[in-house]
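What follows is a set of notes on a single structure, which appears directly below.
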Amino acid sequence: MRRRRLLFSLLLVAAAGLGTAAVPPPGAAHAAAPAATPLDRVIPAPASVHSTGDAYTLGDRTRIRVPGGSGEARRVAGYLAGLLRPATGFGLPVTTKDGRDGIVLRLGGSGTKGLGAEGYRLTSGARAVTISAARPAGLFHGVQTLRQLLPADVERESARRGTWRIAGGTIADSPRYAYRGAMLDVSRHFFTVAQVKRYIDQLAMYKINKLHLHLSDDQGWRIAITSWPRLATYGGSTQVGGGPGGYYTKDDYREIIRYAAARYLTVVPEIDMPGHTNAALASYAPLNCNGQAPPLYTGTQVGFSSLCVPKKETYDFVDDVLRELAAMTPGRYLHIGGDEAHSTSHADYVTFMDKVQPVVAKYGKTAIGWHQLTGAHPAKGAVAQYWGYDKTGAAERRQVADAARNGTRLILSPADRAYLDMKYDKNTPLGLAWAGYVGVQRSYDWDPGSYLKDAPADSVFGVEAPLWSETLSTTAHIEYMAFPRLPGIAELGWSPASTHDWDDYKVRLAAQGPRWDALGIGYYRSPEVPWPAK
Ligand code: TNX
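In terms of mature numbering (1 follows the signal peptide of the UniProt record, and there is no 0), the sequence shown is residues -21 to -1, 1 to 513.
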């Protein structure tokens, strides 16, 4: 009690120092625990929310129950306990004993089938908060919702005094799209396994379920391939600006996959071909039409390199690389790039894609390509990733829409909306601007279902936010560009179109600011968003 009062006085002093308005009168210190976060104040917006009844309050006797829990449900419970213990200071033991109190994670059971592979239901009342789902991924996404319903301080690493309440009611939630991705370009600048893991944790908070790794480009080859070792050891030895670069060993890559999978993200590896291949061409002279290896490249031009389409060695290389990559990738997709092949003739491009797509299929995978693939012959089941922008010509858009009508599924990454490497405005110190400035509202305010005229709504497989790294070389850079735009793309991928509303969204987004502060995420405090005063 005394400590609490002392803390309150300290807060008063701190608040006064910051000039914060609306400080409650001293007598209100105990009664005035902040109101619990309303159930609909989360990102992505849940599909349905019914607020009613009493809040649940976490305490030092709260248990996390996984009734009869499978190994995976128990693992999600352990993850949740790991999230909540540091800041609350509570023990939060995980138990498989059934019971009607505490935090309950329930797999299967009545009414969960309709929630699909990733959906969940969260019910909160005075005695318990229950998350039910048909599959463990749903429990995990429900846990992310629960986390956002607690005060931002829950993200802190050391114990805080707080009222850890979750508002009463029910959320029933499942995603609009199956593919909700984020891409990290680890080629232009290399990012370590630890840096990638940190980003994965951030993606998981917003229910992103695909991590697309751009593993090769002109400036660096970032994945060890046993049959062509110089790709990584030489082709990975530098980066934009001439730094030392780096690459993932197979164990590194498997560790990224394991870490992502534990957060219900699938890794989608990309080997960009036939352009964007200088690092490979520099590593092996026989891959070049003239038999001569070019020097490594550390600039930022695009479109100058091409694999040698007529040569047999090219397909030995492609087969070996895709075989090894497929063998260490449990996910269904291999991304084969295919963008900006400006040094490959159109005929060669088509020949190349006709030969390479069956290799992907031979190793049991589904090909994803940048949307230029629709100018060749997309294989049955192939997925095209659209990265056009408002200046993309009608013919190019039509080509993509035609392919979509013929069964090619689309991942939408419009560069003037979803590219996290575009500057927010003219003052942004990092990033590019070839697709214009992409402010926070602009990145959020579009509808994937009707974005590409003449592409059927059901051809849209999902959305993805790419982060190209020509100008980005640190974790702080990644976070400054991704936050606050990434949650908007995540919401477009998850939430029903009926919830889409900028004025509502920007308030929910503002509430994430203190959470990012608590997590040490250095975000851009865009003037478009009504952030609470720091
Ligand atoms: C275009 S998007 C590229 C990348 C660049 C990016 C920079 C795409 C498929 N190709 O090579 O890094 O612009 O914004």
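Cβ coordinates follow ideal geometry from the N, Cα and C atoms, glycine included.
All values reported here derive from a predicted model rather than from experimental measurement.
For Val335, no beta strand (DSSP E) segment is defined; the enclosing uninterrupted segment is the alpha helix (DSSP H) at His325 to Lys341. Following the DSSP letters along the chain, one finds Ala363 inside the beta strand (DSSP E) bounded by residues Val362 to Tyr365. Under DSSP, Ser103 forms a beta bridge with Val108 and Gly148.
Pairing Met332 with Gly316, the inter-Cα distance amounts to about 10 Å. Ranked by Cα distance from Gly88, the first of Val45, Leu125, Ala105 and Ile145 is Val45. Per DSSP, reduced to three states, the secondary structure at Lys76 is coil, with no helix or strand assignment.
Annotated three-state conformation of Ile179 is helix, per DSSP. Pairing Lys432 with Ala444, the inter-Cα distance amounts to about 20 Å. When the beta-carbon positions are compared, Gln198 and Val219 come within less than 9 Å of each other.
Annotation for Asp164: His193, Trp447 and Ser448 place their beta carbon closer than 6 Å to its own, counting only its chain and skipping 5 residues before and after. If you ignore the 5 residues before and after Thr245, its C-beta comes within less than 6 Å of the C-beta of Lys189 and Gly310, all in its own chain and listed in chain order.
Under DSSP, the beta-bridge partners assigned to Ser30 are Gly148. Nearest C-alpha to Leu391 among Asp80, Ser438, Phe283 and Ala412: Ser438.
Rounded to the nearest whole angstrom, the C-alpha separation of Ser284 and Tyr423 is 34 Å. If you ignore the 5 residues before and after Ala264, its C-beta comes within less than 8 Å of the C-beta of Gly270, Gln271 and Ala272, all in its own chain and listed in chain order.
Within the DSSP bridge table, the entry for Asp164 names His193 as partners.
A distance below 7 Å between beta-carbons, with the five flanking residues on each side excluded, links Ala490 to the following residues of its chain, in chain order: Arg20.
Contiguous beta strand (DSSP E) elements confined to the segment 459 to 488 do not occur, taking only those with 3 or more residues. Per DSSP, reduced to three states, the secondary structure at Trp495 is helical. Annotated three-state conformation of Val21 is coil, per DSSP. Residue environment: Gly348 is assigned as buried (16 or more neighbouring CB atoms within 10 Å of its CB, all protein chains considered). In this structure, Gly121 lies near Ile110, with their beta-carbon atoms less than 9 Å apart. For Glu249, the uninterrupted beta strand (DSSP E) run begins and ends at Thr245 to Met252, by DSSP.
Counting along the chain, the unbroken beta strand (DSSP E) around Ile82 starts and ends at Gly81 to Leu86.
The residues Gly224, in chain order, have a CB closer than 6 Å to that of Ser216 in the same chain once the five nearest residues on each side in sequence are set aside.
Contact fails between the segment 198 to 215 and the segment 233 to 245, because fewer than three Cβ pairs, one in each stretch, are under 8 Å apart.
Here Trp200 is bridged, per DSSP, to Ser195. Scanning Arg106, Asp80, Arg167 and Arg114 for the CA closest to the CA of Gly48 turns up Arg114. Cβ contact annotation for Val338 (same chain, cutoff 7 Å, sequence separation greater than five): Val297, Asp298 and Leu301, in chain order. Looking from the CA of Tyr459, the closest CA among Trp413, Gly441, Asp400 and Pro475 belongs to Asp400. Residue side-chain check: Pro357 keeps its Cβ at 8 Å or more from all non-hydrogen atoms of the ligand TNX. Here Phe169 carries a coil assignment [DSSP, helix/strand/coil]. By the CB criterion at 9 Å, Gly501 and Gly160 fall outside the cutoff. Taking the Cβ of Pro445 as the reference point, at least one heavy atom of the ligand TNX falls within a distance shorter than 8 Å.
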